[in-house]
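Residue numbers (the working numbering): 1 to 394. Notes to accompany the following structure.
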């Protein structure tokens, strides 16, 4: 007997295949793709939940489906002049995430963005990551697929939907690339060393260009201090590499957290000495279980040695200063699945890139809602609730 959930999956896969093969792919709308992918995800999730109820889940097999979204009201202005294009109600993020363990030593992770996809041709481009990881031992891990470029720093490390305003570097880096990595974690779990080879983030100028990046990354936690450091070589021309030294530092004292990042960049080693660099700092304090306040500042200086392909133009020197508050209405039990936020930032200085994000005398206000849901867990709870009601009847 054919499982009805697999029938739903098959129907929607065939529907997407027909769209790809037809001439209508150019006009495939975001809503159409969102609807089909969400129904497919729910079908797979429902099948997984049903199997788990029947004893299918064994040998640590895991299947998780998560949906996360953030909706903002934005108000942006430059030197007091309101920006209509950059203001109003926006769907900032709408993501589908799947994680699982397909065997005792193999895991996968996939995150897909839908708020910017307009057609199937952009579907892969809007895949943030899709990786397969093999762990032969508890210390070693080998991963391949579309990955996050391993660059040090706490601003860079955090999920985009958990950030409200960022440095000019953060807004221009192409951080999702095809590649492979190998990592070693100490027995204590406090330190991890990783080496990654991938496509270069500057591999965007021509379909014939084939540039690479090589990244050495260390994360370490010792007491109240956690480091995210990297040394990166990003190819931007044949035989030429832009070098990064990224030093991310976090200090945590109870409910207070301080993050300070320093990143220097340049094609030559001498360029790393504060000619082309960024500094990011944020202090946050959890006032209560449900309320978090923060203050943040970033500084970008783009020197004459900057690689223009990075989107950072020489002569830029801009500072962003701001802060905000987050409220977690379900946070009494440590739940962070629903969040309300309000944040404001103001820019000082000049940006020589007319399409840059942080421009001089620019102001940025955001008020919004973020929510995350573990779909499989929600369905399992629903199944348990229905089963309990049936038992109570008898």
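From the three backbone atoms N, C-alpha and C, an ideal C-beta is built for every residue, glycine too.
What whole-angstrom Cβ distance do residue 256 and residue 225 have, given they're in contact under 8 Å? On the chain shown, position 256 is the one that residue 256 refers to. On the chain shown, position 225 is the one that residue 225 refers to. Your pair residue 256 and residue 225 does not check out as a contact, with CB atoms roughly 13 Å apart and the cut at 8 Å.
Flag this pair as touching only if the region 168-188 and the region 145-154 have three or more C-beta atom pairs under 8 Å; answer yes or no. Contact between the region 168-188 and the region 145-154 is present, because at least three Cβ pairs lie under 8 Å.
Whole-Å CB distance - residue 397 paired with residue 249, under 8 Å assumed: No answer is possible for residue 397: it lies beyond the span of the chain, which begins at 1 and ends at 394.
Just list the residues that DSSP pairs residue 185 with in beta bridges. Here residue 185 refers to the residue found at position 185 when the chain shown is read from its first residue. According to DSSP, which records beta bridges pairwise, residue 185 is partnered with 192.
Taking the alpha carbon of residue 192 as the point to measure from, which residue in 200, 201, 182, 198 has its own alpha carbon closest? As a first step, residue 192 is located in the chain shown; it is residue number 192 there, counting from the start. In this structure, 182 is the residue among 200, 201, 182, 198 with its C-alpha nearest to the C-alpha of residue 192.
By DSSP's criteria, residue 296 is part of a beta bridge. Which residues make up the other side? Here residue 296 corresponds to residue number 296 of the chain shown, with the count starting at 1. 282, 322, per the DSSP bridge assignment.
Measuring only the C-alpha atoms, how far is residue 382 from residue 64? Here the question's residue 382 lines up with position 382 in the chain shown. Here the question's residue 64 lines up with position 64 in the chain shown. Approximately 16 Å between the Cα atoms of the pair.
Inter-stretch contact (C-beta, 8 Å, three-pair minimum) for the region 315-330 and the region 358-368: Judged by Cβ distances under 8 Å, the region 315-330 makes contact with the region 358-368, as three or more pairs qualify.
Between 103, 208, 271, which has its C-alpha nearest residue 135's C-alpha? Here residue 135 refers to the residue found at position 135 when the chain shown is read from its first residue. Of 103, 208, 271, the residue nearest in Cα terms is 103.
Please name the residue, chosen from 108, 272, 167, that lies closest to residue 147 on a Cα-to-Cα basis. For the purposes of this step, residue 147 is taken as residue 147 along the chain shown, with counting starting at 1. When the alpha-carbon of residue 147 is set against those of 108, 272, 167, the nearest one is in 108.
Extract the residue ranges of the beta strand (DSSP E) inside the region 359-394, only unbroken runs of 3 or more that lie entirely within it. Runs of the beta strand (DSSP E) inside the region 359-394: 362-374.
Could you say if the region 196-214 and the region 229-237 meet the contact criterion of at least three C-beta pairs nearer than 8 Å? The answer is yes - the region 229-237 touches the region 196-214, with three or more Cβ pairs under 8 Å.
Return the bridge partner residues of residue 290 from the DSSP annotation. Position 290 of the chain shown, counting from 1, holds the residue named residue 290. DSSP, once it has assigned bridges, lists no residue as partnering residue 290.
Buried or exposed: residue 49, going by 16 or more other Cβ atoms within 10 Å of its Cβ? For the purposes of this step, residue 49 is taken as the residue at position 49 of the chain shown. For residue 49, the predicted structure reports a pLDDT of 46, less than 50, and the residue's modelled location is therefore unreliable. A value from the coordinates is still provided. That one is buried.
Can you tell me where the beta strand (DSSP E) with residue 72 in it begins and where it stops? Translated into positions along the chain shown, residue 72 becomes position 72. Per DSSP, residue 72 belongs to the beta strand (DSSP E) from 62-78.
Can you tell me whether DSSP reads residue 263 as helix, strand or coil? Within the chain shown, residue 263 is the residue found at index 263, counting from 1. DSSP places residue 263 in strand when its eight states are reduced to three.
What are the boundary residues of the beta strand (DSSP E) that residue 157 is part of? Stepping through the chain shown from its first residue, residue 157 is reached at position 157. Element bounds for residue 157: not the beta strand (DSSP E) but the alpha helix (DSSP H), 154-157.
Label residue 395 either buried or exposed according to how many other C-beta atoms from any shown protein chain fall within 10 Å of its C-beta, with 16 as the threshold for buried. Within the shown structure, residues of the chain are numbered from 1 to 394, placing residue 395 beyond reach of any answer.
Mind checking which residues open and close the beta strand (DSSP E) that includes residue 147? If you number the chain shown from 1, residue 147 lands on position 147. Its beta strand (DSSP E) spans residues 140-148.
Which full runs of the beta strand (DSSP E) of 3+ residues lie inside the region 303-358, going along the chain? For the region 303-358, the continuous beta strand (DSSP E) assignments of 3+ residues that do not extend past its boundaries occur at 317-327, 338-350, in sequence order.
Quick check: the region 261-278 against the region 293-303, are at least 3 beta-carbon pairs closer than 8 Å? Yes, the region 293-303 touches the region 261-278.
In its own chain, which residues sit with a C-beta less than 6 Å from the C-beta of residue 374, not counting the 5 before and 5 after it? Position 374 of the chain shown, counted from the start, is the residue given in the question as residue 374. Within the same chain, residue 374 has close Cβ partners 66.
Residue of 185, 322, 203 minimising C-alpha distance to residue 364: By 1-based counting over the chain shown, the position of residue 364 is 364. Per the C-alpha coordinates, the member of 185, 322, 203 positioned closest to residue 364 is 322.
If you count every other CB in all the chains shown that lies within 10 Å of the CB of residue 228, and 16 or more means buried, which is it? Here residue 228 refers to the residue found at position 228 when the chain shown is read from its first residue. Residue 228 should be labelled buried.
Would DSSP call residue 271 helix, strand or coil? Within the chain shown, numbered from 1, the residue matching residue 271 stands at position 271. In the structure shown, residue 271 falls within a helical segment according to DSSP collapsed to helix, strand and coil.
Under the three-state reduction of DSSP, which class applies to residue 162: helix, strand or coil? Working through the chain shown from its first residue, we reach residue 162 at position 162. DSSP places residue 162 in helix when its eight states are reduced to three.
Nearest neighbour of residue 105, chosen from 141, 93, 70 [CA to CA]: Here residue 105 refers to the residue found at position 105 when the chain shown is read from its first residue. When only C-alpha atoms are compared, the closest one is 141.
What does a CB cutoff of less than 8 Å around residue 83 pick up in its chain, not counting 5 residues either side in sequence? Numbered from 1 along the chain shown, position 83 holds the residue referred to as residue 83. The answer, listed in chain order, is 76, 77.
Please report the distance separating the alpha-carbon of residue 378 from that of residue 144. Numbered from 1 along the chain shown, position 378 holds the residue referred to as residue 378. Numbered from 1 along the chain shown, position 144 holds the residue referred to as residue 144. One C-alpha to the other measures close to 30 Å.
Rounded distance between the beta-carbons of residue 98 and residue 88, thought under 8 Å: Reading the chain shown from its first residue, position 88 is the one you call residue 88. Reading the chain shown from its first residue, position 98 is the one you call residue 98. About 31 Å separates the beta carbon of residue 88 from that of residue 98, a gap too long to meet the 8 Å contact definition.
If you follow the beta strand (DSSP E) that residue 220 is part of, which residue opens it and which one closes it? In the chain shown, counting from the first residue as 1, residue 220 sits at position 220. Where residue 220 is concerned, the enclosing beta strand (DSSP E) stretches over 212-222.
Candidates 345, 350, 241: closest to residue 307 by CA position: For the purposes of this step, residue 307 is identified with residue 307 of the chain shown, where counting begins at 1. For the set 345, 350, 241, the Cα lying nearest the Cα of residue 307 is the one of 241.
Buried or exposed: residue 253, going by 16 or more other Cβ atoms within 10 Å of its Cβ? Locating residue 253 in the chain shown gives position 253, counting from the first residue. Classification of residue 253: exposed, given that the 10 Å Cβ count is below 16.
Mark residue 189 as exposed unless 16 or more other C-beta atoms lie within 10 angstroms of its C-beta, in which case mark it buried. As a first step, residue 189 is located in the chain shown; it is residue number 189 there, counting from the start. Looking at its Cβ environment, which holds fewer than 16 other Cβ atoms inside 10 Å, residue 189 is exposed.
Sort out for me which residues DSSP pairs residue 103 with in a bridge. Counting from 1 along the chain shown, the entry for residue 103 is found at position 103. Bridge partners of residue 103 according to DSSP: 106.
As a quick exercise: from 251, 95, 236, 245, pick the residue whose alpha carbon is nearest that of residue 260. Taking the first residue of the chain shown as position 1, residue 260 is located at position 260. Among 251, 95, 236, 245, the Cα nearest to that of residue 260 belongs to 251.
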